[in-house]
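In mature numbering (1 follows the signal peptide of the UniProt record, and there is no 0), the protein residues as written are -17 to -1, 1 to 364.
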């Protein structure tokens, strides 16, 4: 769901006997981006938003993860967010308006592709941090060394505002359910399955930490056992639109929220953990965080004393450590600064109350199983 997250993902396909990886990259401009925009990457909730393959992801300061795809013949390469909170693929068009954010990014030129087919249907998608518009086209798309033939996607001609201008990625590749897709466009992942490119309708994420050697990895068609240990705990998807699950409650220290149960989505395109305002206030109070300029700050000297977060999802408990829900950066004026990864928004109109973004996913290895409509969560190796 692109909520102004901060990821940097470069995708290099690495072949193995079982799958192909997509790597993720890392950048160092977290302080500037957080203080400039004052919001985490809270993408869009307004949207009516062989074997296997893998993509290595780039970690952009623990706030965004993106990788490389190719479109057309010969290939035109783009960095995209792999987003479990939306369902469409879009990249900037060479027909982009001169005053639009897409001018700052790589642009798809249909005149240079021999496999391009014209469609022309208008396209508009609205995210929490901005909207993009353009038109629909059709071409071959490669992800992690796997090719989808005749994929329908959007060429964007207008990306107003700073949300997309200043991000390191060019576009978004949605991995949510088809039911969420704008214009009823089949998703890239659905086409990988239907065209027989992958054998299993499963994809998995490993999201690295800013100090890790590898930014992260997306596996298409399976999971990568080198990144997890033990068995997956499986959560049934409660509504096949977003990757939505039941959250029984959420505890931090002496604060417990969602006491009567609520709905949450697990979203790789959102940096933070997002929830109702009063609940977010209670969680930040429990860790003695203070609010300033759109963000909540913790005292860097006492991080060792912060409590673990405990999420109960479909009766199963998952613990997130402070090093995952606190982002640290160096400010030239204030020295070390620690930001909590909790932010508020109201989502009742879309059928859920919480978004568990990268701050949650980074603690685990996460498998999205479209065949069985479930999400598997395993401990990291």
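Even glycine gets a Cβ: it sits at the ideal position worked out from N, Cα and C.
Buried versus exposed, by CB contacts within 10 Å (16 or more), residue i
i	result
residue 352	buried
residue 355	exposed
residue 94	exposed
residue 81	exposed
residue 283	exposed
residue 315	exposed
residue 448	Examination of residue 448 is not possible in this model, given that the chain is present from -17 through 364 alone.
residue 409	This structure gives no information on residue 409, because the portion of the chain shown stretches from -17 to 364.
residue 66	buried
residue 164	buried
residue 21	Note that residue 21 scores a pLDDT of 38, beneath 50, so its modelled location is shaky; the value from the coordinates is reported in the next line. Exposed, by the Cβ-count rule.
residue 73	buried
residue 274	exposed
residue 104	exposed
residue 287	exposed
residue 214	exposed
residue 16	Note that residue 16 scores a pLDDT of 43, beneath 50, so its modelled location is shaky; the value from the coordinates is reported in the next line. The residue is buried, with at least 16 neighbouring Cβ atoms inside 10 Å.
residue 350	buried
residue 242	exposed
residue 261	exposed
residue 341	buried
residue 276	exposed
residue 267	buried
residue 127	buried
residue 317	exposed
residue 122	buried
residue 237	exposed
residue 271	exposed
residue 345	buried
residue 23	In this prediction, residue 23 scores a pLDDT of 43, lower than 50, which makes its location untrustworthy; no coordinate-derived value is stated.
residue 167	exposed
residue 244	exposed
residue 298	exposed
Boundaries of the beta strand (DSSP E) in which residue i is found, first to last residue
i	result
residue 219	211 to 219
residue 231	226 to 235
residue 166	That residue, residue 166, is in no beta strand (DSSP E); it is neither H nor E in DSSP.
residue 275	273 to 275
residue 239	238 to 240
residue 50	47 to 54
residue 59	59 to 66
residue 280	278 to 281
residue 157	154 to 157
residue 186	185 to 190
residue 284	No beta strand (DSSP E) contains residue 284, which DSSP labels as neither H nor E.
residue 247	245 to 249
First and last residue of the uninterrupted alpha helix (DSSP H) at residue i
i	result
residue 201	Counting along the chain, residue 201 falls outside any alpha helix (DSSP H), though it belongs to the beta strand (DSSP E) covering 199 to 203.
residue 374	Only positions -17 to 364 of the chain appear in the structure, and residue 374 is not among them; the question remains open.
residue 171	171 to 177
Residue nearest to residue i in terms of C-alpha spacing, selected from the options
i	options	result
residue 343	335, 329 and 325	325
residue 174	221, 213, 163 and 124	124
residue 96	261, 363, 130 and 56	56
residue 302	203, 363, 312 and 268	363
residue 99	131, 233, 256 and 250	131
residue 89	101, 102, 75 and 83	75
residue 256	287, 347, 339 and 299	339
residue 254	52, 64, 37 and 54	64
residue 92	102, 84, 71 and 78	78
residue 139	168, 85 and 240	85
residue 107	237, 47 and 136	136
residue 390	101, 172 and 222	Examination of residue 390 is not possible in this model, given that the chain is present from -17 through 364 alone.
residue 258	240, 47, 229 and 252	240
residue 179	167, 154 and 129	129
residue 348	357, 270 and 200	200
residue 154	51, 264, 198 and 269	51
residue 188	122, 261 and 209	209
residue 113	142, 133, 119 and 121	142
residue 265	252, 292, 226 and 250	292
residue 365	134, 247, 87 and 191	Here the chain comprises residues numbered -17 to 364, so residue 365 is not present and cannot be evaluated.
residue 197	40, 360, 101 and 357	40
residue 232	71, 305, 296 and 212	296
residue 151	192, 87, 211 and 109	87
Any C-beta of chain B under 8 Å from that of residue i
i	result
residue 122	Among the chains of the structure shown, chain B does not appear; only one protein chain is present.
Note to self: Three Cβ pairs or more, each shorter than 8 Å: is that satisfied between the segment 316 to 336 and the segment 147 to 160?
What the structure shows: Between the segment 316 to 336 and the segment 147 to 160 there are fewer than three C-beta pairs closer than 8 Å, too few to call the two in contact.
Check: Where in the segment 72 to 146 do unbroken runs of the alpha helix (DSSP H), each at least 4 residues long, occur, reported from the N-terminal end onward?
Finding: none
Note to self: Is it the case that the segment 280 to 294 contacts the segment 326 to 335, given that we only count it when at least three CB pairs across the two stretches are under 8 Å?
What the structure shows: no
Item checked: Start-end ranges of the alpha helix (DSSP H) lying completely within the segment 288 to 357, minimum 4 residues -> 305 to 308 and 341 to 344
Next item on the list: Decide yes or no for the touch test of the segment 330 to 337 against the segment 174 to 184: beta carbon pairs closer than 8 Å, at least 3 of them.
Entry: no
Check: Touching or not, the segment 214 to 222 and the segment 197 to 204, by the rule of three or more beta carbon pairs under 8 Å?
Finding: no
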